[in-house]
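Chain order of the listed sequences is F and S.
Using the working numbering, the letters of the first sequence map in sequence onto residues -18 to 176.
Using the working numbering, the letters of the second sequence map in sequence onto residues -18 to 176.
Number of protein chains: 2
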Amino acid sequence: MGRNKEFDTTVVLRKAMEVFGHYGYEGTSLQILLDGLGIARQSLYDTYGTKKDLFISAVKHYTNEKSAALLARLDRPGSVKAAIADIFREIAAALKDEARRKECFIMHSAIDQVPHVPEIATFFEQDASRLEEAFYQALVRAYEQGELSGRHGDLRALARYLNHSRYSLTQAAKLTSDPQVLDDIVKVTLSALDS
Amino acid sequence: MGRNKEFDTTVVLRKAMEVFGHYGYEGTSLQILLDGLGIARQSLYDTYGTKKDLFISAVKHYTNEKSAALLARLDRPGSVKAAIADIFREIAAALKDEARRKECFIMHSAIDQVPHVPEIATFFEQDASRLEEAFYQALVRAYEQGELSGRHGDLRALARYLNHSRYSLTQAAKLTSDPQVLDDIVKVTLSALDS
DNA sequence: CCTTTTTCGGACCATTTAATCAAGAATGAA
DNA sequence: TTCATTCTTGATTAAATGGTCCGAAAAAGG
Chain F
-18 MGRNKEFDTT VVLRKAMEVF GHYGYEGTSL QILLDGLGIA RQSLYDTYGT
32 KKDLFISAVK HYTNEKSAAL LARLDRPGSV KAAIADIFRE IAAALKDEAR
82 RKECFIMHSA IDQVPHVPEI ATFFEQDASR LEEAFYQALV RAYEQGELSG
132 RHGDLRALAR YLNHSRYSLT QAAKLTSDPQ VLDDIVKVTL SALDS
Chain S
-18 MGRNKEFDTT VVLRKAMEVF GHYGYEGTSL QILLDGLGIA RQSLYDTYGT
32 KKDLFISAVK HYTNEKSAAL LARLDRPGSV KAAIADIFRE IAAALKDEAR
82 RKECFIMHSA IDQVPHVPEI ATFFEQDASR LEEAFYQALV RAYEQGELSG
132 RHGDLRALAR YLNHSRYSLT QAAKLTSDPQ VLDDIVKVTL SALDS
């Protein structure tokens, strides 16, 4: 019983990603935040807690969403190289889409806060090691399937490289408005898997 | 005539890089800034102008320094691949050095401000296109010297990739404390030049 | 109708912010 | 010495900050 929430909490969380992504965590004043979310001040505190709580929630929600999609794609049987290519092309596609790219920039703000918000630091550590391991296992499978030659000796290094490249694409997107640049970067990045 | 400045303006500029790199532009309060610089408030305003002015000066000084070193190394005759390898290993070395890495993080804060400080945006655009062109010319020379095979067809894409990888290393350094990860990333990054 | 829950808007708070002004002491060159 | 420049310190300003409290209206279920 009682009145229902008028806003979808996950939709508002998406908007929070955009706002924090655009202004950064410290650069986002409460006023800007409320204007961006389209809800009243009290609703924010009732639903999400403080500004920092909301930020952490948005970061986690974004990261979990992306990580889940990545793990799902890596786990699909078939060519591992094709899976990795898909993953990177999907990221590039998101960063080239005017509507979707805005959310992605919250990653930059999140990395900014790593030294100052322990909860985000540990969260990223765990997420990174999980994904690095997933990449590694996928590469092992690729090797067993004959997709990789002996010249890709250090699969651990390759896994770390792929995981890092994922993050770095959003940084590239912040620095250029030319979609061709993103495609070029992805193309060369994937060439590390060529035989 | 008159009293001399007691502090070296470029030394203070270095400290400014560290402070802004650690706290971000908006996260750096004037008090934190003054404590980090070790000068009095009035000295800051007399010498550098406002907080934003100092930030822009620090960013430009850092970028110019790094870019000049890069261009100098690329212009040296001899193996281009060796030059590029040197460049990336030097970046990794700086990021692994507890003392030097702190300055590098100002890049993250600077990229953060790109959408909000036009002066930084245009400065980065110019710097990026200059370095991309330098990488491209170097790759052309490498090809002419027989260092690259036909499989490195798109030298423009390769140049963009190298320039982007340079930036992205500081982001990787923010996310991991394990120096081995940086080495792994550099190793795989450079493998894009292998035949 | 009654109760519960949420939304909304304004008032309010203490703190912090960047920046300016003022004044005295230190310093160095003419 | 004289004068210009810088350093240091403290006071001050006006605005913005994140966060809390309160009250009334609106909706939904009992």
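For every residue, glycine included, the Cβ atom is placed at its ideal position computed from N, Cα and C.
Q: Report yes if the C-beta distance between I68/F and L52/F is below 7 Å; otherwise report no.
A: Judged by beta-carbon spacing, L52/F lies beyond the 7 Å limit of I68/F, meaning their Cβ atoms are not closer than that value.
Q) Around the Cβ of T103/S, are there at least 16 other Cβ atoms within 10 angstroms (buried) or fewer (exposed)? A) It is exposed - the Cβ of T103/S has fewer than 16 other Cβ atoms within 10 Å.
Q) Which residue comes first and which comes last in the alpha helix (DSSP H) that contains E(-1)/F? A) For E(-1)/F, the uninterrupted alpha helix (DSSP H) run begins and ends at -10 to 4, by DSSP.
Q) Run through DSSP, which three-state label would S60/F get? A) Reduced to three states, the DSSP call for S60/F is coil.
Q | Cross-chain neighbours of P96/S in chain F, by beta carbon under 7 Å | A | Scanning chain F for C-beta atoms nearer than 7 Å to the C-beta of P96/S yields H3, reported in chain order.
Q) If you draw a straight line from the alpha carbon of P99/S to that of K(-4)/S, how long is it in whole angstroms? A) So the two alpha carbons sit approximately 24 Å from each other.
Q) Quick one: is L120/F buried, meaning 16 or more other Cβ sit within 10 Å of its Cβ, or exposed? A) With 16 or more other Cβ atoms within 10 Å, it is buried.
Q. What is the C-beta distance between G5/S and G5/F, in whole angstroms, given that I count them as a contact (C-beta under 8 Å)?
A. The C-beta distance from G5/S to G5/F rounds to 7 Å, short enough to meet the 8 Å contact threshold.
Q: List the residues of chain F that G8/S touches, going by C-beta distances under 7 Å, in chain order.
A: Here the neighbours are E7.
Q. Which bits of chain S does K155/F rub up against, with CB to CB less than 7 Å?
A. Per Cβ cutoff of 7 Å: I92, V95.
(Q) For V162/F, would you say it is in contact with chain S, using Cβ-to-Cβ distances shorter than 7 Å as the test? (A) It does; some Cβ of chain S falls within 7 Å.
Q. Can you list the residues of chain S that Q152/F reaches, using a CB-CB cut of under 7 Å?
A. Taking a Cβ-Cβ threshold of 7 Å, the residues of chain S close to Q152/F are I92, Y148, S149, Q152, in chain order.
Q.
Cutting at 8 Å between CB atoms, please list the residues of its own chain near S48/S, excluding the five before and the five after it.
A. The answer, listed in chain order, is D108, R111, L112.
**Q.** Selection of the stretch 98 to 112 of chain F by Cβ proximity to chain S, strictly under 8 Å
**A.** For the stretch 98 to 112 of chain F, residues whose beta-carbon sits nearer than 8 Å to a beta-carbon of chain S comprise F105, A109.
(Q) Please classify L11/F as buried or exposed, where buried requires at least 16 other C-beta atoms within 10 Å of its C-beta. (A) It counts as exposed.
**Q.** Beta-carbon proximity check, A73/S vs L163/S, cutoff 7 Å
**A.** Cβ distance < 7 Å, so A73/S and L163/S count as in contact.
Q.
Against chain S, with Cβ distances strictly below 7 Å, would G142/F count as a contact?
A. The residue you asked about is not Gly; residue 142/F is Tyr in the sequence shown. At least one chain S Cβ lies under 7 Å of Y142/F.
Q. Would you say L139/S and V167/F are within 7 Å of each other, going by their C-beta atoms?
A. No, the pair does not count as a contact, with Cβ atoms beyond the cut-off.
Q) Taking the alpha-carbon positions, what's the I101/S to K83/F distance? A) Rounded to whole angstroms, I101/S and K83/F show a C-alpha spacing of 20 Å.
Q.
Let's test the definition: count the other Cβ atoms within 10 Å of the Cβ of Q152/F and tell me whether it reaches 16, buried, or not, exposed.
A. Result: buried.
Q) Should R54/S and A64/S be called a contact, given that it needs their Cβ atoms to be closer than 7 Å? A) The answer is yes: Cβ separation under 7 Å.
(Q) Residues of chain S with CB closer than 7 Å to the CB of L139/F, please, in chain order. (A) Result: V169.
Q. Per DSSP, what kind of secondary structure is K77/F in: helix, strand or coil?
A. Three-state DSSP puts K77/F in a helix.
Q. Going straight from the alpha carbon of Y43/F to that of Q126/F, what length do you get?
A. Straight-line Cα distance between these residues: approximately 33 Å.
**Q.** Where the alpha helix (DSSP H) containing N144/F begins and where it ends
**A.** Its alpha helix (DSSP H) spans residues 136 to 156.
Q. Between the C-alpha atoms of A175/F and Y117/F, what's the straight-line distance to the nearest angstrom?
A. Residue identity check: residue 175/F is Asp in the sequence provided, not Ala. A direct Cα-Cα distance of roughly 16 Å separates D175/F from Y117/F.
**Q.** Reference R81/S; option with closest CA among T9/S, A154/S, A91/S
**A.** Checked all of T9/S, A154/S, A91/S; the closest Cα to R81/S is A154/S.
**Q.** Interface residues of chain S facing S172/F [CB-CB closer than 7 Å]
**A.** A173, listed in chain order.
Q. To the nearest angstrom, how far is it from the Cα of G134/S to the Cα of L171/S?
A. Going by C-alpha positions, G134/S is about 16 Å away from L171/S.
(Q) DSSP three-state label for L129/S, please. (A) L129/S sits in coil when the DSSP states are folded into three classes, being neither helix nor strand.
**Q.** For F86/S, three-class secondary structure by DSSP
**A.** Annotated three-state conformation of F86/S is coil, per DSSP.
Q. Considering only residues of the same chain and omitting the five flanking positions on each side of F203/F, which have a CB-CB separation below 7 Å?
A. With chain F covering only -18 through 176, there is no way to say anything about residue 203/F.
**Q.** For D34/S, the nearest candidate out of A91/S, V61/S, A75/S (CA to CA)
**A.** For the residues A91/S, V61/S, A75/S, the minimum Cα distance to D34/S belongs to A91/S.
Q. Along the chain, which unbroken stretches of the alpha helix (DSSP H) at least 4 residues long are found entirely within the stretch 16 to 51 of chain S?
A. Taken in chain order, the complete alpha helix (DSSP H) segments of 4 residues or longer contained in the stretch 16 to 51 of chain S are 22 to 29.
Q) Counting contacts by CB-CB distance shorter than 7 Å, is D165/F in contact with chain S? A) Chain S contact via Cβ: present.
Q.
So, at 6 Å on beta carbons, what are the nonlocal neighbours of A123/F in its own chain, with the 5 sequence-adjacent residues on each side left out?
A. By the criterion of a C-beta distance shorter than 6 Å, A123/F is surrounded in its chain by V61, L129, once the five residues flanking it on both sides are discounted.
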